[in-house]
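In terms of the numbering used here, the sequence shown is residues 5 to 277.
Step one of this worksheet: look at the structure below.
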Amino acid sequence: MNTIRLGELNVNRLGFGAMRIIDNDDIWGEPSDRKHAIKVLRRAAELGVNFIDTAESYGPHTDEILIAEALHPYPKGLVVATKCGLSRPRPSRWDADCRPEKLRKDLEGSLKRLRLDRIDLYQLHTVDSKVPFEVSVGTLADMQREGKVRHVGLSNVTVKQIEAARKIVPIVSVQNRYSLSDRSSEAVLLHCEKHGIAFLPWYPLGDGAALSVSKVKKLAEKLKASPAQVAIAWLLKKSPVMLPIPGTGNLAHLEENVAAAKLELSNEDFRSL
Ligand SMILES: NC(=O)c1ccc[n+]([C@@H]2O[C@H](COP(=O)([O-])OP(=O)(O)OC[C@H]3O[C@@H](n4cnc5c(N)ncnc54)[C@H](OP(=O)(O)O)[C@@H]3O)[C@@H](O)[C@H]2O)c1
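Written as structure tokens, this is what we have:
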């Protein structure tokens, strides 16, 4: 597998989005089959995935607890990236809360649940219109200075916000929605490319939607691959800073997605999508 740099860390260029191991629409509470969820996480690591994306808000908390249960003590080189700044008052709600006190509480909780002294990549999950962005980013910069966070990342941001954040702290990654079927973050991707910032597309399979696009299905047939593999291979070819984190709670889908790292699209096939 090709690799990508996150600061001085080097990870394989196909990660795993762990949100989907909680297999209900609201990403709330426990997975329907806890043992199976743990199996999926362990299988991802066995297949060579060494970048796992999670968040305090998945469950909330359950996702991080399961990751530690499945994989701690973590294999050498495994990077668990988590996120802060969302509150979950009830299943249907994902409310921005990037006040420094909430971010601090999230960090202490994540360190405990993930059984770590330091988070390798700590991402501000969203921008909270009620809190100056510089204050939220400044809180993550303080955490880094205190040694509790190795690298800082952002999520759901604009180019302007990335520029503002980079004046406060080095930013190693940006996580925005991006896939074959949703390219609205193209400007952010180009900005990341220009500055060597890893771009983590969330919904890389368009939450499944990218898989039913007829061009994708046709190309998959031609290449004897699956539509998901074509969608992932397209992302990998799209930019050298792309670090896809497809999510699944299904072992067969996991194997299929990881195998997509080996599928290289020709320039012609790439352009056809
Ligand atoms: N920063 C943010 O705001 C944000 C928001 C959302 C997600 N995320 C992160 O991004 C990661 C990826 O996003 P995502 O999981 O929502 O979306 P995704 O990877 O685009 O799609 C996941 C959906 O596709 C299905 N799927 C996965 N592999 C498949 C395959 N090979 N064939 C057919 N269907 C397949 C999954 O169902 P099965 O489980 O049945 O395979 C699931 O329903 C998440 O896990 C999470 O870590 C971040």
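Even for Gly, the Cβ is constructed at its ideal location relative to N, Cα and C.
Asked	Found
Heavy atom of ligand 1 within 8 Å of residue 23 beta-carbon	yes
Residue 30 classed as buried or exposed, judged by whether at least 16 other C-beta atoms fall within 10 angstroms	exposed
Proximity below 9 Å, CB of residue 60 to CB of residue 21	no
Assigned exposure category for residue 67 - 16 Cβ within 10 Å defines buried	buried
Three-state secondary structure (DSSP) of residue 3	An answer regarding residue 3 cannot be provided, because it is not within the stretch 5 to 277 covered by the chain.
3 or more residues per run - each beta strand (DSSP E) lying fully within the segment 84-172	123-128 and 153-159
Own chain partners of residue 154 with C-beta closer than 6 Å, once the 5 adjacent residues on each side are dropped	122 and 124
Option in 255, 23 and 86 with minimal Cα separation from residue 43	255
Cβ-based neighbour list, residue 139, same chain, cut-off 7 Å, excluding 5 preceding and 5 following	104
Residue range of the unbroken alpha helix (DSSP H) whose run includes residue 16	Not the alpha helix (DSSP H): residue 16 falls in the beta strand (DSSP E), residues 13-16.
Cβ distance (whole Å) where residue 250 is taken to contact residue 261 below 8 Å	5 Å
Neighbourhood of residue 73 by C-beta distance below 7 Å, restricted to the same chain and skipping five residues each side	42
Among 69, 174 and 160, the one whose alpha carbon lies nearest that of residue 116	69
Ligand 1 heavy atom lying under 8 Å from the CB of residue 89	no
Start-to-end residues for the alpha helix (DSSP H) that takes in residue 236	231-242
For residue 215, the three-state DSSP class (helix, strand or coil)	helix
Distance CB(residue 147)-CB(residue 193) smaller than 9 Å	no
Continuous alpha helix (DSSP H) stretch holding residue 45: start and end	38-50
Backbone CA spacing between residue 208 and residue 150 [nearest angstrom]	33 Å
From 118, 111 and 180, residue whose alpha carbon lies closest to that of residue 210	180
For residue 202: DSSP bridge partner residues	177
DSSP state of residue 81 mapped onto helix, strand, coil	coil
Supposed close pair residue 132, residue 110 - CB separation, criterion 8 Å	Residue 132 to residue 110, Cβ: 12 Å. No contact.
Given residue 240 as reference, the closest of 227, 182 and 195 once Cα atoms are compared	182
Local conformation of residue 8 per DSSP, three classes	strand
Ligand 1 heavy atom lying under 8 Å from the CB of residue 63	no
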